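What follows is a set of notes on a single structure, which appears directly below.
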Amino acid sequence: MATVKDLLKAKFTQVWYVTPTSTVSDALKLLAEQQIGAVLVVEAGKIVGIFSERDFARKALLPEVNLGTPVGDLMVRGVYYVTPDQSVESCMAMMTAKRFRHLPVLEDGKLVGVISIGDVIRQIMSEKDSTIQSLEDYIWVHMI
Amino acid sequence: MATVNNLLLHKGKDVWSVQADSTVRETLQLMGEKNIGAVLVMENQKIVGIFSERDYARHSSKKGSMLLDEPIHTLMTHSVYYVSPNQTVEEVMALMTSKKIRHLPVMDNERLVGLISIGDVVKQIMSDKETTILGLENYILGRDYSG
Chain A
906 MATVKDLLKA
916 KFTQVWYVTP
926 TSTVSDALKL
936 LAEQQIGAVL
946 VVEAGKIVGI
956 FSERDFARKA
966 LLPEVNLGTP
976 VGDLMVRGVY
986 YVTPDQSVES
996 CMAMMTAKRF
1006 RHLPVLEDGK
1016 LVGVISIGDV
1026 IRQIMSEKDS
1036 TIQSLEDYIW
1046 VHMI
Chain B
2 MATVNNLLLH
12 KGKDVWSVQA
22 DSTVRETLQL
32 MGEKNIGAVL
42 VMENQKIVGI
52 FSERDYARHS
62 SKKGSMLLDE
72 PIHTLMTHSV
82 YYVSPNQTVE
92 EVMALMTSKK
102 IRHLPVMDNE
112 RLVGLISIGD
122 VVKQIMSDKE
132 TTILGLENYI
142 LGRDYSG
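Protein sequence lines, in the order shown, are assigned to chains A and B. Every position in the first sequence, counted from 1, becomes a number in the numbering used here once 905 is added. Every position in the second sequence, counted from 1, becomes a number in the numbering used here once 1 is added.
Set out below in structure tokens:
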């Protein structure tokens, strides 16, 4: 069964991040340029939060929020993460339960990548397809 | 193979929409209340577009403004894609993947009957594959036992 490490190998993962003092405007620009839905918020080499299009859309109505607001005020703290040896299924379960589209990957406390729900689903679908293929092959060879 | 109709039966046919002249503020409020990522934009009971969290993030960034009092039709994506209830979920998945869109309106003879998301589609395809695997396994075991 595939692990997070396999997913990271399959694609070149550039990890984009901002700092808590970056403005909302900076973060939104980065999201647009890289065509991504969320960025990690990193301070002194540690992940302190994640900021997504959804966080912006939900908090934009608060009177104190504008494009100059520091990302640290809008980010979601207490980020969930996975490790490279975890199974892709366990990531899927976490993403579904918590309704996350992205999960940082940490190895010995160091950030080594980010996986998205799209990566996870593609992997699981292709595993299911190969299971179906081998079962069909078995039937052709042994039973027909 | 599952169709869009099967999906709608599961998730219900609630479609959240706003009028084209609604403000961004009103629209974001609705999306927050319903915890949804996109709403349809209607004018004279016709769909004229779709507005998502992404549209909001991209437009605010480009204009350098929160745009809360702007009418939603200036920020929406003019929706050109939709599906019909008898299309298969595989077709829908292919369309969403190739166009990089997460939501598609469902139209039945020009009548809006639902809005489906990539999450709905993926869940259905996964469970179809599970069912196939189970069926094949049972077939193999059944034949073995009877022999």
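By construction, the Cβ of each residue, glycine as well, lies at the ideal position given by its N, Cα and C atoms. Keep in mind the model is a prediction, meaning the values are calculated, not measured.
Coarse secondary structure for residue i, derived from DSSP in three states
i, result
"alanine 949(A)", "coil"
"valine 93(B)", "helix"
"isoleucine 955(A)", "strand"
"serine 85(B)", "coil"
"glutamate 131(B)", "helix"
"lysine 914(A)", "helix"
"glutamine 125(B)", "helix"
"aspartate 70(B)", "coil"
"lysine 1033(A)", "helix"
"phenylalanine 52(B)", "strand"
"aspartate 109(B)", "strand"
"isoleucine 871(A)", "Because chain A in this structure spans residues 906 to 1049, residue 871(A) falls outside the shown range and cannot be described."
"threonine 28(B)", "helix"
"serine 147(B)", "Model confidence at serine 147(B) stands at a pLDDT of 49, short of 50, so the residue's coordinates are unreliable and nothing is read from them."
"isoleucine 102(B)", "coil"
"arginine 1006(A)", "coil"
Straight-line Cα distance separating residue j from residue i
i, j, result
"leucine 135(B)", "leucine 116(B)", "30 angstroms"
"glycine 1018(A)", "serine 128(B)", "29 angstroms"
"glutamine 1038(A)", "glycine 143(B)", "19 angstroms"
"aspartate 960(A)", "valine 981(A)", "8 angstroms"
"arginine 963(A)", "aspartate 911(A)", "34 angstroms"
"serine 118(B)", "isoleucine 941(A)", "18 angstroms"
"aspartate 967(A)", "leucine 979(A)", "The sequence shown places leucine at residue 967(A), rather than the aspartate named in the question. Rounded to whole angstroms, leucine 967(A) to leucine 979(A) spans 10 angstroms at the Cα level."
"lysine 914(A)", "serine 85(B)", "38 angstroms"
"valine 49(B)", "lysine 1033(A)", "38 angstroms"
"alanine 1002(A)", "aspartate 109(B)", "33 angstroms"
"glutamate 34(B)", "glycine 983(A)", "23 angstroms"
"serine 23(B)", "glycine 950(A)", "43 angstroms"
"serine 1031(A)", "serine 66(B)", "43 angstroms"
"lysine 130(B)", "aspartate 1013(A)", "36 angstroms"
"aspartate 1042(A)", "threonine 132(B)", "17 angstroms"
"valine 19(B)", "isoleucine 51(B)", "10 angstroms"
"arginine 103(B)", "glutamine 919(A)", "23 angstroms"
"asparagine 45(B)", "valine 114(B)", "16 angstroms"
"serine 927(A)", "arginine 112(B)", "46 angstroms"
8 angstroms Cβ cutoff met for residue i and residue j
i, j, result
"tyrosine 922(A)", "valine 946(A)", "yes"
"serine 62(B)", "alanine 39(B)", "no"
"lysine 12(B)", "aspartate 121(B)", "yes"
"leucine 69(B)", "valine 25(B)", "yes"
"tyrosine 83(B)", "isoleucine 1044(A)", "no"
"leucine 1016(A)", "alanine 58(B)", "no"
"threonine 988(A)", "leucine 1011(A)", "yes"
"alanine 1(B)", "glutamine 88(B)", "Look at the range of chain B in this structure, 2 to 148, and you will see that residue 1(B) is not part of it."
"arginine 1006(A)", "alanine 943(A)", "yes"
"valine 5(B)", "valine 123(B)", "no"
"leucine 31(B)", "tryptophan 17(B)", "yes"
"methionine 906(A)", "serine 1035(A)", "no"
Cβ neighbour criterion (16 or more within 10 Å) applied to residue i
i, result
"histidine 1047(A)", "exposed"
"glutamate 138(B)", "exposed"
"glycine 954(A)", "buried"
"threonine 908(A)", "buried"
"valine 81(B)", "exposed"
"serine 99(B)", "exposed"
"leucine 10(B)", "exposed"
"arginine 55(B)", "buried"
"isoleucine 1049(A)", "exposed"
"threonine 28(B)", "buried"
"glutamate 958(A)", "buried"
Tell me whether the region 1024-1031 of chain A and the region 996-1010 of chain A touch, counting them as touching only if at least three CB pairs, one residue from each stretch, are closer than 8 angstroms.
yes
Taking contact to mean at least 3 C-beta pairs separated by less than 8 angstroms, is the region 970-983 of chain A in contact with the region 74-82 of chain B?
no
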